[in-house]
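Please read the structure below before turning to the comments.
This is the structure:
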């Protein structure tokens with residue numbers, strides 16, 4: 001029993017000395033005609049100041065819901081069922097619309113997955129970038145000059161001329177560079193990037209990831225980087241949180257999690273990475289089974305039905321986050337010091 005108690009006390013690691021954002025026990029539900037979907041369940045994590053936190057997991061695990069919760073853009077049928085999102089003395093999970101309008105686009109900005117739908121198709125790039133600066137007490141010509149400066153920062157060729165074009169006149173990679181420049185124009189403390197390279201080919205993806213890392217270091221902002229591409233997360237992020245069925249099942253420093261995953265789902269996710277395809281058979285491993293129905297989340301461990309290491313306790317008891325190594329935690333009974341399972 002003593003060992004288990006120690007595990008629970010240390011299970012809050014990794015702790016950031018002074019995090020920019022702390023998510024504490026966040027739960028989010030969606031009301032649907034078929035029942036309430038418990039999309040996020042007791043999520044706790046921290047976004048370190050001046051660092052990049054990666055958020056990974058398969059489709060439907062809650063990555064984007066968490067990202068949208070942190071910028072106040074949840075759908076109308078969503079509600080925060082519990083917990084808090086703390087930033088600078090404010091609880092973002094319960095802000096009023098006016099407070100969100102003051103915060104969004106100033107301290108928090110977002111890069112969306114599809115740049116074509118993020119930009120106004122009937123307005124020039126220049127006008128959109130000038131409009132974003134409506135809070136700035138400077139002249140229109142100064143705003144235009146800042147827009148050119150930021151387009152040059154994201155390495156957009158012939159930046160000044162690009163102010164007079166429309167989004168459809170740019171390539172996908174150029175549009176995403178514009179979106180990054182627009183997000184950084186207000187010098188936010190937190191930049192949320194929701195799968196910003198999904199619509200790009202491999203070459204452009206590498207360019208955008210390299211650019212994001214350079215800009216993050218230049219501006220010193222914190223970044224929440226949502227992605228299903230493990231290689232990109234390994235390249236860009238300092239820390240990583242792995243999500244499954246609305247929960248964080250593992251988190252820690254990228255090096256430790258990628259080199260020694262301590263949750264069976266994390267290991268299975270890495271095994272299914274296309275970069276690790278079996279050369280002999282040319283077959284890509286898959287995780288058997290499907291995600292549980294989040295209208296009725298299972299008792300015990302949410303991953304147990306798909307886990308080759310499941311044992312009796314997994315069905316009976318929901319696992320807490322156990323300390324699993326230096327700066328690493330995992331939501332698995334196998335990491336409980338009181339448990340002796342081979």
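In UniProt numbering, the protein residues as written are 1 to 342. Cβ atoms here follow ideal geometry from the backbone N, Cα and C, with glycine treated the same way.
Taking the C-alpha atoms as reference points, what is the distance between residue i and residue j?
i	j	result
residue 31	residue 339	38 Å
residue 62	residue 230	17 Å
residue 261	residue 142	50 Å
residue 26	residue 157	42 Å
residue 148	residue 203	25 Å
residue 105	residue 313	46 Å
residue 57	residue 125	33 Å
residue 7	residue 161	In this prediction, residue 7 scores a pLDDT of 34, lower than 50, which makes its location untrustworthy; no coordinate-derived value is stated.
residue 81	residue 70	15 Å
residue 118	residue 252	32 Å
residue 132	residue 168	20 Å
residue 11	residue 329	Only weak support is given to the placement of residue 11: the predicted model assigns it a pLDDT of 45, under 50, and the value that follows is read from those uncertain coordinates. If I take the Cα positions, the gap works out to 6 Å.
residue 299	residue 319	10 Å
residue 115	residue 336	44 Å
residue 263	residue 232	20 Å
residue 5	residue 22	Per-residue confidence for residue 5 stands at a pLDDT of 31, beneath the threshold of 50, marking its modelled position as unreliable; the derived number appears in the next sentence. One C-alpha to the other measures close to 24 Å.
residue 324	residue 259	13 Å
residue 321	residue 75	29 Å
residue 310	residue 332	10 Å
residue 89	residue 120	34 Å
residue 44	residue 94	16 Å
residue 137	residue 144	13 Å
residue 3	residue 254	Low per-residue confidence applies at residue 3: pLDDT is 33, beneath 50, and the placement is therefore not dependable enough to give any value.
residue 55	residue 83	19 Å
residue 122	residue 178	15 Å
residue 188	residue 64	19 Å
residue 38	residue 73	17 Å
residue 266	residue 152	39 Å
Which class does residue i belong to by DSSP, given the choice of helix, strand or coil?
i	result
residue 69	helix
residue 205	helix
residue 173	helix
residue 6	Only weak support exists for where residue 6 lies, its pLDDT of 30 falling under 50; the value from the coordinates is given anyway. Helix.
residue 36	strand
residue 345	In this structure the chain extends from 1 to 342, so residue 345 is not present and cannot be described.
residue 262	coil
residue 59	coil
residue 90	strand
residue 273	coil
residue 225	strand
residue 299	coil
residue 85	strand
residue 104	strand
residue 289	coil
residue 122	coil
residue 306	helix
residue 20	coil
residue 324	strand
residue 178	helix
residue 76	coil
Taking Cβ to Cβ, would you say residue i is nearer than 8 Å to residue j?
i	j	result
residue 198	residue 109	no
residue 96	residue 222	no
residue 215	residue 180	yes
residue 224	residue 92	no
residue 288	residue 306	yes
residue 111	residue 193	yes
residue 47	residue 78	no
residue 247	residue 257	no
residue 226	residue 195	yes
residue 24	residue 86	yes
residue 182	residue 129	yes
residue 154	residue 211	yes
residue 286	residue 301	no
residue 20	residue 40	no
residue 163	residue 219	no
Over the uninterrupted beta strand (DSSP E) stretch that includes residue i, give me the two end residues.
i	result
residue 192	190 to 194
residue 108	108 to 111
residue 240	239 to 244
Residue i CB to nearest chain B CB: under 8 Å?
i	result
residue 332	Absence of chain B from the displayed structure is noted, only one protein chain being present.
From which residue to which residue does the alpha helix (DSSP H) around residue i run?
i	result
residue 259	254 to 259
residue 317	Per DSSP, residue 317 belongs to no alpha helix (DSSP H) and is neither H nor E.
residue 118	115 to 118
residue 233	230 to 236
residue 126	125 to 132
residue 153	140 to 153
residue 162	159 to 162
Could you check whether the Cβ of residue i sits closer than 7 Å to any heavy atom belonging to the ligand ADP?
i	result
residue 68	No copy of the ligand ADP occurs in the structure displayed, which carries no ligand at all.
Original post:
Between the segment 163 to 181 and the segment 94 to 108, do three or more beta carbon pairs fall short of 8 Å?
Top reply: no
Original post:
Does the segment 283 to 300 come close enough to the segment 29 to 43 to have 3 or more Cβ pairs within less than 8 Å?
Top reply: yes
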